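As you go down the protein sequences, you meet chains A and B in turn. The opening residue of the first sequence carries number 297 in this note's numbering; numbering runs sequentially from there. The opening residue of the second sequence carries number 297 in this note's numbering; numbering runs sequentially from there.
Protein chains: 2
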Amino acid sequence: MEEYSEKQLSILMVAERLFADQGFHGTSVRDIAQEADVNIAMISYYFGSKDKLLESIFKYRMEASRKFINELVENDTMEPLEKINSLIDRFVLKILGEQHFQCIMSREQLNSQQSPVRDLIWQLKGEMLGILRPIVSSAQDAGIFYKDVDVEMLMTSLFGTIHQVIPAQHILRNSPEAKDLNDDEYRTYLRNRVSTHLKKLFKAILTHEF
Amino acid sequence: MEEYSEKQLSILMVAERLFADQGFHGTSVRDIAQEADVNIAMISYYFGSKDKLLESIFKYRMEASRKFINELVENDTMEPLEKINSLIDRFVLKILGEQHFQCIMSREQLNSQQSPVRDLIWQLKGEMLGILRPIVSSAQDAGIFYKDVDVEMLMTSLFGTIHQVIPAQHILRNSPEAKDLNDDEYRTYLRNRVSTHLKKLFKAILTHEF
DNA sequence: AGCAAAGTTAAACAAACGTTTAATTTAAAC
DNA sequence: GTTTAAATTAAACGTTTGTTTAACTTTGCT
């Protein structure tokens with residue numbers, strides 16, 4: 297995997313933020329060059345093209361995501377519900393920590409025509425499902441979890457909820473409970489609120505008797 | 297509210313589809329004109345500009361959405377959980393029935409700079425919350441629903457799950473259970489699967505004792 | 001028929017787009 | 001110090017963008 301110089305990283309990060317805020321086609325390479333304080337030509341020089349720049353962002357973040365997923369649950373002494381809770385905590389922490397990239401992912405997965413970027417997204421979701429499913433099924437077999445639960449849909453709710461929280465933050469920020477918090481406090485407040493909700497959701501549907 | 301001629305409606309629907317598939321900035325007015333089989337100038341002539349065209353799509357769909365929301369639960373003889381289930385059923389039916397528009401909404405709500413379009417989105421979500429919250433609180437007061445549930449986050453999960461299902465369809469379509477269905481059968485299969493999951497989710501978290 | 005408004009068209013518009021060029025500066029190697 | 005490659009720049013490239021123009025056709029009304 298390639299390593300990036302400080303200048304290249306600066307371009308990547310600026311591009312990530314602008315793509316997240318205004319969309320890929322809504323951001324010009326001139327915008328990126330200006331905010332990153334580099335010459336326009338440097339973008340093509342380093343990354344080849346605007347499309348390849350987006351791909352580079354994905355490769356950069358996806359490598360970390362894949363590593364993250366594979367480290368998600370290695371502790372086998374935990375109870376199934378503890379595993380789920382730990383998974384949710386770390387998942388929320390991760391996604392809310394890279395909101396710009398997640399924003400781009402949300403956008404890109406909506407594109408109808410398939411692209412290398414879209415393939416990467418679904419591949420990652422598949423790997424995530426590969427982590428969650430065995431935890432649930434083994435607990436189901438042991439009679440700890442409720443049998444009749446749609447694991448794929450449950451993971452859809454997991455992704456969907458967090459991805460829905462990201463654009464909702466501008467609203468939540470002004471709610472009476474969060475108004476007086478500073479930025480750092482707000483981040484922990486939000487993280488905790490989302491985590492708590494998701495853990496309840498998972499515990500309820502996984503252990504509830506219908 | 298304005299009424300549209302057949303030709304204007306054709307432009308609106310084509311634009312909606314293309315904006316959903318390729319994004320607003322990813323779609324040119326020439327693309328729209330060509331697919332709708334009209335002259336490029338007609339778009340400016342009818343709608344003023346490309347931006348106003350997007351706004352027109354939103355006004356067109358949002359009017360229907362607002363009416364839909366206000367009709368969501370009028371039957372007061374239903375049990376709280378029945379109300380919720382009815383709400384979920386109709387909500388899923390509605391959203392999966394206008395996927396192109398929902399796709400655009402998903403995209404637009406991610407934009408950082410505020411716009412008339414973004415304001416409309418959050419206004420609608422607020423109205424939706426205004427329907428859901430009293431149902432839950434009154435049932436909580438009656439001791440039917442579990443007290444300690446975050447209604448806003450629950451609605452976030454509702455929106456998030458369905459919005460996450462939309463781009464996931466290309467994948468789900470090829471799953472072993474759905475592969476042999478025709479398009480109509482698949483639609484009902486999907487609608488049912490999402491509805492069932494969400495009803496379970498809501499029932500579990502609303503009535504579960506922690 | 002005659003007239004005014006609405007509808008429709010091909011062509012042109014300037015601006016912005018992503019990318020490339022060619023010249024110049026910086027850095028590294030011998 | 002000379003040489004070679006990498007980095008950096010301003011300018012220009014050809015497209016494509018959204019929008020407008022001006023001429024033309026159709027429609028509806030009296």
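Every residue, glycine too, gets a C-beta built ideally from N, C-alpha and C. These figures come from a predicted structure and were not determined experimentally.
Query                                                                                                                                                                   : Result
Evaluate the contact criterion for the stretch 311 to 319 of chain B versus the stretch 386 to 402 of chain B: three or more CB pairs, one atom per stretch, below 8 Å. : yes
On the DSSP letters alone, give me the boundaries of the alpha helix (DSSP H) that A:TYR356 sits inside.                                                                : 346 to 366
What residue does the alpha helix (DSSP H) around B:PHE320 start on, and which one ends it?                                                                             : That residue, B:PHE320, is in no alpha helix (DSSP H); it is neither H nor E in DSSP.
Give me the Cα-Cα distance between B:SER471 and B:GLN465, rounded to the nearest whole angstrom.                                                                        : 10 Å
Rounded to the nearest angstrom, what separates A:GLU302 and A:ALA316 at their Cα positions?                                                                            : 21 Å
On a Cα-Cα basis, can you pick out the residue from A:PRO430, A:MET401, A:ASP479, A:ALA438 that is closest to A:MET358?                                                 : A:MET401
Is the separation between the beta-carbon of B:LYS379 and that of B:ILE431 shorter than 8 Å?                                                                            : yes
How big is the Cα-Cα spacing for B:ASP480 and B:LEU389?                                                                                                                 : 13 Å
Which one of B:MET449, B:PHE387, B:ILE353, B:MET374 has the shortest CA to CA distance from B:PHE364?                                                                   : B:PHE387
Roughly how many angstroms lie between the CA atoms of A:ILE391 and A:PHE455, to the nearest whole one?                                                                 : 9 Å
Which same chain residues end up closer than 7 Å to A:LEU477 when comparing Cβ atoms and leaving out the 5 residues on each side of it in sequence?                     : TYR485
Could you name the residues of chain B that A:LEU406 contacts, counting a contact when the two beta carbons are closer than 7 Å?                                        : CYS399, SER402, ARG403, PRO463
Would you mind reading off the limits of the alpha helix (DSSP H) that contains A:ALA474?                                                                               : No alpha helix (DSSP H) contains A:ALA474, which DSSP labels as neither H nor E.
Checking contacts by CB at 8 Å: is A:GLN318 closer than that to chain B?                                                                                                : yes
In chain order, what residues of the same chain lie with their CB nearer than 7 Å to the CB of B:LEU377, ignoring the 5 residues before and after it?                   : LYS499
Once the 5 residues before and after B:THR503 are set aside, which same chain residues still bring their CB inside 8 Å of it?                                           : LEU377, ILE440, PHE441, TYR442
Whose Cβ in chain A lies nearer than 7 Å to the Cβ of B:PHE455?                                                                                                         : GLN460
Helix, strand or coil for A:VAL447 per DSSP?                                                                                                                            : helix
Would you kindly check if the distance between the Cβ of B:THR457 and the Cβ of B:LEU494 is under 8 Å?                                                                  : yes
One question on the structure: do A:ILE501 and A:LEU425 come within less than 8 Å of each other, judged by their Cβ atoms?                                              : no
Of the residues B:ALA337, B:GLN460, B:ARG487, B:ARG326, which one's Cα is nearest the Cα of A:LEU406?                                                                   : B:GLN460
To the nearest angstrom, report how far apart A:ASP385 and B:ILE307 are at their CA atoms.                                                                              : 46 Å
Using a Cβ-Cβ distance cut-off of 8 Å, determine whether A:ASP327 contacts chain B.                                                                                     : no
Under a three-way DSSP split, which group does B:GLY426 fall into?                                                                                                      : helix
For B:THR452, which residues in chain A fall below 7 Å Cβ to Cβ?                                                                                                        : THR457, GLN460, VAL461, ALA464
Please confirm whether A:LEU392 has its beta-carbon closer than 8 Å to some beta-carbon of chain B.                                                                     : no
Could you tell me whether any Cβ in chain A is nearer than 8 Å to the Cβ of B:ARG469?                                                                                   : no
For A:ARG487, return the contacting residues in chain B, with the cut-off set at a CB-CB distance below 9 Å.                                                            : Those within 9 Å of A:ARG487 in chain B number zero; the least Cβ separation is about 13 Å.
B:ALA500 versus chain A: which residues are under 7 Å apart at the beta carbon?                                                                                         : ALA500, ILE501, HIS504
Report yes if the C-beta distance between B:ARG469 and B:LEU420 is below 8 Å; otherwise report no.                                                                      : no
Give a yes or no on whether the minimum CB-CB distance between A:ASP446 and chain B is below 8 Å.                                                                       : yes
Can you tell me the Cα-Cα spacing of B:SER433 and A:GLU375, whole angstroms?                                                                                            : 33 Å
What are the complete beta strand (DSSP E) segments, minimum 3 residues, inside the stretch 387 to 414 of chain A?                                                      : none
Looking at chain A, is there any beta carbon in it that lies within less than 8 Å of the beta carbon of B:LEU425?                                                       : no
Verify the CB distance criterion: does B:VAL413 have a CB-CB separation below 8 Å to chain A?                                                                           : no
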